[in-house]
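Using the numbering used here, the letters of the sequence shown map in sequence onto residues 15 to 270.
The next block holds one structure in the form of structure tokens; read it before the comments.
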Amino acid sequence: SLGKYTTNDFRNKFRKADVFLIDDIQFVIGKEATQEEFFHTFNALYMAQKQIVITSDRPPKDFNSFEERITSRFSSGIIADIQAPDMEVRAAILRTKRDLLGHNISNEVLNFIAEKVTTNIRELEGAYMQVITSAMAAGIEPTRESAAAALGQNIRNNQKRNVNVNDILKAVCAYYAVKAPDIKGKRRTKDLVIPRQVAMFLIKEMTDTPYMTIGDFLGGRDHTTIMHGVRTIEEHVSKAGKIHQDIVNVKLTLAE
């Protein structure tokens, strides 16, 4: 987080870098002091011919709340629109992982995994290891059938993720018997806090929506509020209590 550094710390640490990487730069929107220091650091690194890589959930032209001098710096570089990997790319990633790890698994099975797990690379690689581990435990070579058995829950989860933020909010409201305007509102009564945080968690888990966009959708909340809500529900889920069961039940309604 940029915000955890003092100005001097920031300068001392980042202006000496050979490669400067910042993820989700949109999070500094509205933070004038941070933008000011970032601008000067960017210039210092640029003049020193260092590499600068910045990611965001939107192109520079859509940074309406950024100073024009900053967005012009962004636009002066190469802008790449990075989409989710397609089937061919996912299969290629799995083949590379197989070759690096030396596993005995056919292209047919890798293609099956790539076809079924479409969410993100982390889950794709996790599914791969699940198939490998399951086959090793059974003392067999991985097949489509053994992969399907190993990935049963993953496949069902993946199918359930073909939903959007409105679907999720509607399902959460129906499950907890609350209204969408109340979820998006400012009231923090107990009967609304948990459903609101569950909605945050499910939107983040089941879609590719960035924290800031989730905050905008749920009543204009700050991205840090969304991150806190997601972490809170993650802690509840890890304890396998009532909220964990609530999550399971809402997901089941979304799968119908």
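Glycine is no exception: its CB is placed at the ideal position from the N, C-alpha and C atoms.
Owing to the predicted nature of the structure, the values given are computational and were not obtained by experimental measurement.
For the beta strand (DSSP E) containing residue i, list its first residue and its last residue.
i	result
Val67	65-68
Ile84	Note, Ile84: premise wrong, no beta strand (DSSP E); alpha helix (DSSP H) at 82-89.
Ile36	33-36
Please state whether DSSP places residue i in a helix, a strand or coil.
i	result
Leu165	coil
Lys52	In the sequence under discussion, the amino acid at residue 52 is Phe, which differs from the Lys named in the question. It is helical.
Thr110	helix
Lys75	helix
Arg29	coil
Lys193	coil
Asn178	coil
Ser252	helix
Glu159	helix
Pro209	helix
Val264	helix
Asn351	Since the first and last residues shown for the chain are 15 and 270, residue 351 lies out of range.
Gly116	coil
Ser15	Confidence at Ser15 is low in this model, with a pLDDT of 47, below 50, so the placement of that residue is unreliable and no value is reported for it.
Ala58	helix
Given a threshold of 16 other Cβ atoms within 10 Å of its Cβ, counted over all protein chains shown, does residue i qualify as buried or as exposed?
i	result
Gln40	buried
Met214	buried
Ala94	exposed
Lys256	exposed
Ser79	exposed
Met220	buried
Thr276	A question about residue 276 goes unanswered here, because the residues of the chain that appear run from 15 up to 270.
Leu108	buried
Gly116	exposed
Met226	buried
Ile182	buried
Pro209	buried
Val123	buried
Lys27	exposed
Lys193	exposed
Ile228	buried
Ile96	exposed
Pro156	buried
Shortest alpha-carbon distance to residue i belongs to which of the options?
i	options	result
Pro74	Thr157, Val131, Asp38	Asp38
Ile31	Asn57, Gln65, Ser86, Asn118	Checking the sequence shown, residue 31 turns out to be Ala, not Ile. The shortest Cα separation from Ala31 among Asn57, Gln65, Ser86, Asn118 belongs to Gln65.
Asp100	Ile197, Asp71, Thr133, Leu268	Thr133
Ile43	Val131, Thr203, Asn57, Glu82	Glu82
Val103	Leu114, Gly243, Leu138	Leu138
Leu268	Ile217, Ser70, Ala106	Ile217
Ser89	Gln97, Glu129, Arg72	Arg72
Gly233	Gln259, Ser252, Lys200, Phe34	Lys200
Lys130	Thr203, Asp196, Ala162	Ala162
Ile127	Asp113, Ile146, Leu114	Ile146
Ile135	Gly229, Gln63, Asp222, Met241	Asp222
Val212	His242, Tyr142, Pro224	His242
Met143	Ile96, Arg112, Gly166, Ile154	Arg112
Met150	Val33, Glu248, Gly166, Asn118	Asn118
Starting from residue i, follow the alpha helix (DSSP H) in both directions and report where the run begins and ends.
i	result
Leu275	Since the first and last residues shown for the chain are 15 and 270, residue 275 lies out of range.
Phe41	Note, Phe41: premise wrong, no alpha helix (DSSP H); not H, not E.
Asp222	That residue, Asp222, is in no alpha helix (DSSP H); it is neither H nor E in DSSP.
Gly199	Note, Gly199: premise wrong, no alpha helix (DSSP H); not H, not E.
Gly140	135-152
Ile96	From DSSP, Ile96 is part of no alpha helix (DSSP H); its letter is neither H nor E.
Val123	121-130
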